[in-house]
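**Q**
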Amino acid sequence: MDLSFLNEPQRQAVLQTEGAVLVLAGAGSGKTRVITTRIAYLLRQVSADHIVALTFTNKAAREMLDRVVKQVGRKKSKGLIVSTFHSLGVRILRQEIERLGYKRNFSIYSASDQLRLVRDLVQGQLVEGAAADADRVLWLISQAKNRLISADAYQPAANDAYQQLTAQVYPQYQRQLKACNAVDFDDILQLTIRLLHEFPEVLEHYRLRFRYIMVDEYQDTNVVQAQLLKLLSSFHHNLCVVGDDDQSIYGWRGADPGNILDFGKDFPSLKVIKLEQNYRSSGHILSAANALIVHNKDRHGKRLWTADEQGAPVVYRCCDDGEDESTVVVGRIHSLRFKSQLQYRDFAILYRTNGQSRIFEEQLRYENIPYVLIGGQQFFDRKEVKDALAYLKVMANTQDEVNLLRILNYPKRGIGETSAERIIQASVDQGLPLWQVLQHPEHITELGDKTQEAIREFVGLMRRYQRRLQQGNNLVGDVQDLFREIKLEEELYRQADDPQKARRRVENLHEVINAVSSYVEREGQTTLESFLEKVSLLDRDEPQRGSKEEKLKQDAVVLMSLHSSKGLEFPCVFLVGLEEGTLPHKKILEESGDVAEERRLCYVGMTRARQHLMLLSAARRRKYGRLQPRDASRFVHEIPPELLVHEDGEPVALPAAEEEQLASNFFSGIKDMLG
DNA sequence: ACTCATGATATTTTT
DNA sequence: TATCATGAGT
5 MDLSFLNEPQ
15 RQAVLQTEGA
25 VLVLAGAGSG
35 KTRVITTRIA
45 YLLRQVSADH
55 IVALTFTNKA
65 AREMLDRVVK
75 QVGRKKSKGL
85 IVSTFHSLGV
95 RILRQEIERL
105 GYKRNFSIYS
115 ASDQLRLVRD
125 LVQGQLVEGA
135 AADADRVLWL
145 ISQAKNRLIS
155 ADAYQPAAND
165 AYQQLTAQVY
175 PQYQRQLKAC
185 NAVDFDDILQ
195 LTIRLLHEFP
205 EVLEHYRLRF
215 RYIMVDEYQD
225 TNVVQAQLLK
235 LLSSFHHNLC
245 VVGDDDQSIY
255 GWRGADPGNI
265 LDFGKDFPSL
275 KVIKLEQNYR
285 SSGHILSAAN
295 ALIVHNKDRH
305 GKRLWTADEQ
315 GAPVVYRCCD
325 DGEDESTVVV
335 GRIHSLRFKS
345 QLQYRDFAIL
355 YRTNGQSRIF
365 EEQLRYENIP
375 YVLIGGQQFF
385 DRKEVKDALA
395 YLKVMANTQD
405 EVNLLRILNY
415 PKRGIGETSA
425 ERIIQASVDQ
435 GLPLWQVLQH
445 PEHITELGDK
455 TQEAIREFVG
465 LMRRYQRRLQ
475 QGNNLVGDVQ
485 DLFREIKLEE
495 ELYRQADDPQ
505 KARRRVENLH
515 EVINAVSSYV
525 EREGQTTLES
535 FLEKVSLLDR
545 DEPQRGSKEE
555 KLKQDAVVLM
565 SLHSSKGLEF
575 PCVFLVGLEE
585 GTLPHKKILE
595 ESGDVAEERR
605 LCYVGMTRAR
615 QHLMLLSAAR
625 RRKYGRLQPR
635 DASRFVHEIP
645 PELLVHEDGE
655 PVALPAAEEE
665 QLASNFFSGI
675 KDMLG
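And the structure:
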């Protein structure tokens with residue numbers, strides 16, 4: 005096998021197939037290439053179904069699989085598992101979950117489904133000192149699950165009212181989920197672990213099968229995932245993890261950088277390989293990034309280098325205010341686009357919080373520059389989308405009471421809140437699931453004739469479509485007919501105050517149908533269940549309209565948060581809002597004090613840049629309507645001045661030389677067009 | 001059941 | 001400043 009296209013450490017990482025291996029892969033060091041080549045190399049010795057590669061996003065998984073298929077062909081890669089942790093978990097659960105008392109058609113609850121459940125539970129509780137704050141409770145439950153703390157084992161701190169409330173709600177929440185035959189995101193991993201722990205034959209099956217395990221972005225794993233890996237690799241012990249401790253930016257979500265720092269403790273015979281040669285950024289950019297990250301303690305320690313040129317210097321500029329900052333950035337985009345022959349899509353504006361995008365959007369729109377915004381409110385979080393999906397979810401799992409209640413009277417069909425209350429009461433009294441109770445509205449006393457009729461009609465509708473969908477020969481058509489019959493579109497027009505908004509919502513509704521349609525086309529799958537599973541695992545990168553992937557293809561300036569920029573690269577990056585209180589963020593300074601993670605975030609942003617990197621801050625900024633003075637971020641000061649060109653508020657207009665260059669490029673462009 | 005006004009609140013968000 | 005959730009009023 006030809007490995008000459010790899011550098012020495014890369015080659016080592018590929019060839020070291022046995023035992024525990026930690027590949028410390030710096031930003032832009034070609035780690036995806038290493039992983040895919042490693043898989044290809046393994047495939048020469050073992051069959052595909054003994055190899056599993058885990059990633060964090062579906063997109064990464066898809067890309068990885070594509071590349072492997074390209075290298076070794078479809079036939080040899082058949083049976084290879086390349087998936088996210090969660091997909092692997094669901095796969096195991098669909099097979100084995102009945103052992104834990106769930107049914108195989110369990111639903112996966114989204115954040116909003118969860119929130120609805122918790123809200124109802126919290127309302128029933130009144131703990132002193134805790135306002136009924138479902139968000140916070142849900143967050144605490146999730147944190148607990150991420151640490152593998154079960155409902156019974158949860159120990160609230162005596163002085164924390166929220167934790168006490170959580171202690172009350174957590175077990176109830178878990179019971180409710182089970183009653184709905186539903187699992188939440190954290191459960192997917194948690195329950196998988198439970199299966200492996202409690203049923204040795206299940207563990208035996210998988211640990212025997214998985215002879216070689218590889219993990220990407222290992223710095224982002226949490227305790228549960230680390231444990232899962234330990235279990236799965238406990239027979240063959242061939243576990244290769246790839247990651248970069250300097251890019252660990254999801255600590256707040258339960259990711260434990262300790263996993264990558266202490267990996268050797270669990271695997272004493274560990275081989276460590278460092279990939280430090282960078283193939284992405286210019287020398288200046290790497291020097292500045294290295295200079296920043298050395299301020300962190302507790303790291304494996306890496307120094308990125310490049311064989312390429314030093315390139316353009318990294319520029320820092322302190323602007324007057326936010327407005328000024330946006331003008332400078334947009335002005336620079338204009339000039340660089342001509343000077344360096346860049347397209348719009350080669351520029352990225354990165355910020356700490358999504359709220360910072362607005363001012364740049366305004367400026368870009370004013371200058372007629374196309375842009376795409378990544379992040380913010382997600383497609384599947386929109387109300388109209390959730391409502392539409394709720395119908396489908398209930399058809400797939402009639403025990404899904406959260407969604408059943410959501411659609412019971414939407415669109416309005418004459419089952420008001422009081423009626424709903426009575427139905428719920430009846431369900432509790434009779435000890436039957438809601439769906440059962442609804443089958444016989446006449447058994448519920450106190451329900452008016454009209455309401456009973458409405459319920460009968462609703463149930464009839466649901467069963468009719470359930471039957472159609474189960475036949476499964478026209479998924480798209482069935483969904484379309486359903487939405488038409490319940491008049492969802494009309495409802496959207498009726499609700500909205502302005503027609504603009506309504507049209508946008510209807511469009512989103514159509515996108516749901518498109519999503520079904522493109523899913524059927526792509527996967528050749530036609531069951532409702534499999535579609536819902538895909539959607540629930542938040543495969544937002546499914547190349548449908550509005551996805552991150554699709555957006556990045558257009559020729560438009562990209563705006564996004566630092567978090568969502570990880571894994572991407574751009575010829576030219578603007579890192580904006582480099583101020584104390586924003587990056588590092590105020591909340592961090594006040595609460596966890598984990599400045600190191602903020603520094604890593606800044607580092608991630610800087611290392612996205614290939615040729616041009618500009619850091620910006622503003623001396624004053626409008627915040628919540630008030631103009632506040634701001635200090636430049638400590639991170640700016642941590643980069644030695646000789647690695648950074650400090651550019652002070654000189655006029656935004658182009659210097660004459662650039663003007664000239666611009667004109668000459670313009671003319672040569674015209675010449676090209678004329679042939 | 002729907003509208004309107006008030007006030008609290010304002011990180012990041014791979015699955 | 002913008003948004004959203006909540007509660008009073010129609």
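Residues in the first sequence are numbered consecutively from 5, following the numbering used here.
All residues carry an ideal CB built from backbone N, CA and C; glycine is no exception.
#1: Suppose you measure from the CA of H616 to the CA of R507; what does that come to, to the nearest Å?
#2: Give the secondary structure of F351 by DSSP, where H, G and I count as helix, E and B as strand, and everything else as coil.
#3: With DSSP as the reference, identify every bridge partner of F364, one or two as the case may be.
#4: I277 by DSSP, collapsed to three states: which one?
#5: Could you check what DSSP says for F203 in three-state terms: helix, strand or coil?
#6: If I'm right that I517 touches Q484 with Cβ under 8 Å, what's the distance once you round it to whole angstroms?
#7: Answer yes or no: do L279 and A29 have a C-beta to C-beta separation smaller than 8 Å?
#8: For V319, which of H288, G305, Y216 and S522 has the nearest alpha-carbon?
#9: Report the rounded CA-to-CA distance for E663 versus E515, giving the unit in angstroms.
#10: So what's K627 in DSSP terms, helix, strand or just coil?
#11: Using the beta-carbon count (16 or more within 10 Å), is L193 buried or exposed?
#12: Just mark P261 as buried or exposed, buried being the case when its beta carbon has 16 or more other beta carbons within 10 Å.
#13: For the alpha helix (DSSP H) holding Q168, just list the boundary residues, first then last.
#14: Measure the C-alpha to C-alpha separation of E594 and T41 and round it to an integer number of angstroms.
#15: Which of the three DSSP states is assigned to G32 in this structure?
#16: Can you say whether K306 is buried or exposed, counting buried as having 16 or more other CB atoms within 10 angstroms of its CB?
#17: Check this for me: beta carbons of K560 and Y283, under 8 Å apart or not?
#18: Given this structure, state the Cα-to-Cα distance separating L579 from G609, to the nearest angstrom.
#19: With a threshold of 6 Å on Cβ separation, who are the neighbours of S146 within its own chain once the five nearest residues in sequence on each side are excluded?
#20: Counting C-beta neighbours from all protein chains within 10 Å, is the total for Q14 16 or more, i.e. buried, or is it exposed?
#21: Quick check on F9: does DSSP put it in helix, strand or coil?
#22: For I632, which residues does DSSP report across the bridge?
#23: G464 to R509, Cα distance in whole Å?
#24: Report the rounded CA-to-CA distance for T531 versus G379, giving the unit in angstroms.
#25: By Cβ distance, which residues of its chain are closer than 7 Å to L631, with the 5 residues on each side in sequence left out?
#26: Looking only at its own chain, which residues have a Cβ that is under 8 Å from the Cβ of I490, when we skip the five neighbours before and after it?
#27: From which residue to which residue does the beta strand (DSSP E) around F214 run?
#28: Quick one: give me the first and last residue of the beta strand (DSSP E) that F578 is part of.
#29: DSSP state of A293, grouped into three classes?
#30: Indicate the three-state DSSP secondary structure (helix, strand or coil) for Y283 in the structure shown.
#31: Report the residue ranges of all alpha helix (DSSP H) runs contained in full by the region 372-421; include only those spanning at least 4 residues, in chain order.
#32: Which residue comes first and which comes last in the beta strand (DSSP E) that contains V56?
#33: Using only alpha-carbon positions, find the residue among S540, V389 and V577 that is nearest to L492.
#34: Got a sec? Which residues, its chain only, sit under 8 Å from A424 by beta carbon, not counting five neighbours each side?
#35: If you reduce the DSSP assignment to three classes, tell me which class D188 lands in.
#36: Under the DSSP definition of a beta bridge, which residues are partnered with C322?
**A** With the structure as the only source:
#1: One-based indexing of the first sequence puts residue 616 at position 612. One-based indexing of the first sequence puts residue 507 at position 503. Approximately 40 Å between the Cα atoms of the pair.
#2: In the first sequence, the residue the question calls residue 351 occupies position 347. Strand.
#3: If you number the first sequence from 1, residue 364 lands on position 360. Paired residues: none, contrary to the question.
#4: Indexing the first sequence from 1 puts residue 277 at position 273. Strand.
#5: Counting from one through the first sequence, the residue named residue 203 turns up at place 199. It is coil, neither helix nor strand.
#6: Numbered from its first residue, the first sequence carries residue 517 at position 513. Numbered from its first residue, the first sequence carries residue 484 at position 480. Right, the Cβ-Cβ distance comes to about 6 Å (below 8 Å), so this counts as a contact.
#7: For this step, residue 279 is matched to residue 275 along the first sequence. For this step, residue 29 is matched to residue 25 along the first sequence. For L279 and A29, yes; Cβs fall inside 8 Å.
#8: Counting from one through the first sequence, the residue named residue 319 turns up at place 315. For the residues H288, G305, Y216 and S522, the minimum Cα distance to V319 belongs to H288.
#9: Within the first sequence, the letter at position 659 stands for residue 663. Within the first sequence, the letter at position 511 stands for residue 515. Residue placement at E663 is poorly supported in this model, since its pLDDT is 46, which falls under 50; the coordinates are not used for a value here.
#10: Against the first sequence, residue 627 aligns to sequence position 623. Note: K627 maps to strand in three-state DSSP.
#11: Your numbering for residue 193 matches position 189 in the first sequence. Result: buried.
#12: Numbered from its first residue, the first sequence carries residue 261 at position 257. By the neighbour-count criterion, in which 16 or more other beta carbons inside 10 Å mark a residue as buried, P261 falls on the buried side.
#13: Locating residue 168 in the first sequence gives position 164, counting from the first residue. Following the DSSP letters along the chain, one finds Q168 inside the alpha helix (DSSP H) bounded by residues A165 to A183.
#14: For this step, residue 594 is matched to residue 590 along the first sequence. For this step, residue 41 is matched to residue 37 along the first sequence. Between E594 and T41, the C-alpha separation is close to 45 Å.
#15: In the first sequence, counting from the first residue as 1, residue 32 sits at position 28. G32 falls in the coil class under three-state DSSP.
#16: The residue you call residue 306 lines up with position 302 of the first sequence. Buried.
#17: For the purposes of this step, residue 560 is taken as the residue at position 556 of the first sequence. For the purposes of this step, residue 283 is taken as the residue at position 279 of the first sequence. Rather than Lys, the amino acid found at residue 560 in this sequence is Ala. In this structure, Y283 does not lie closer than 8 Å to A560 by Cβ.
#18: Locating residue 579 in the first sequence gives position 575, where the first residue counts as 1. Locating residue 609 in the first sequence gives position 605, where the first residue counts as 1. Rounded to whole angstroms, L579 to G609 spans 7 Å at the Cα level.
#19: As a working note, residue 146 is residue 142 in the first sequence. Within the same chain, S146 has close Cβ partners D190.
#20: Locating residue 14 in the first sequence gives position 10, where the first residue counts as 1. By the 10 Å Cβ count, Q14 comes out buried.
#21: Within the first sequence, numbered from 1, the residue matching residue 9 stands at position 5. In this structure, F9 counts as coil in the three-state DSSP scheme.
#22: Translated into positions along the first sequence, residue 632 becomes position 628. Checking the displayed sequence, the identity of residue 632 turns out to be Gln instead of Ile. Answer is R625.
#23: Locating residue 464 in the first sequence gives position 460, counting from the first residue. Locating residue 509 in the first sequence gives position 505, counting from the first residue. Spanning the two alpha carbons is a distance of roughly 27 Å.
#24: Counting from one through the first sequence, the residue named residue 531 turns up at place 527. Counting from one through the first sequence, the residue named residue 379 turns up at place 375. Answer to the nearest angstrom: the Cα atoms are 29 Å apart.
#25: For this step, residue 631 is matched to residue 627 along the first sequence. Closer than 7 Å at the Cβ level, and outside the excluded window around L631, lie R624.
#26: Start at 1 with the first residue of the first sequence, and residue 490 comes out as number 486. So the qualifying residues of the chain are Y395, P415 and L465.
#27: Residue 214 sits at position 210 when you count from the first residue of the first sequence. Per DSSP, F214 belongs to no beta strand (DSSP E) and is neither H nor E.
#28: In the first sequence, residue 578 corresponds to position 574, counting from 1. First-last of the beta strand (DSSP E) with F578: F574 to L579.
#29: If you number the first sequence from 1, residue 293 lands on position 289. If DSSP states are grouped into helix, strand and coil, A293 belongs with the helices.
#30: Position 279 of the first sequence, counted from the start, is the residue given in the question as residue 283. Note: Y283 maps to coil in three-state DSSP.
#31: 387-400 and 405-412
#32: Taking the first sequence and counting its residues from 1, the one referred to as residue 56 is at position 52. Segment I55 to T59, the beta strand (DSSP E) holding V56.
#33: Within the first sequence, numbered from 1, the residue matching residue 492 stands at position 488. Closest by alpha carbon: V389.
#34: As a working note, residue 424 is residue 420 in the first sequence. Once the five neighbours on either side are set aside, the close Cβ partners of A424 are L409, L412 and N413.
#35: Along the first sequence, one-based indexing puts residue 188 at 184. In this structure, D188 counts as strand in the three-state DSSP scheme.
#36: Counting from 1 along the first sequence, the entry for residue 322 is found at position 318. In DSSP, C322 forms a bridge with S621.
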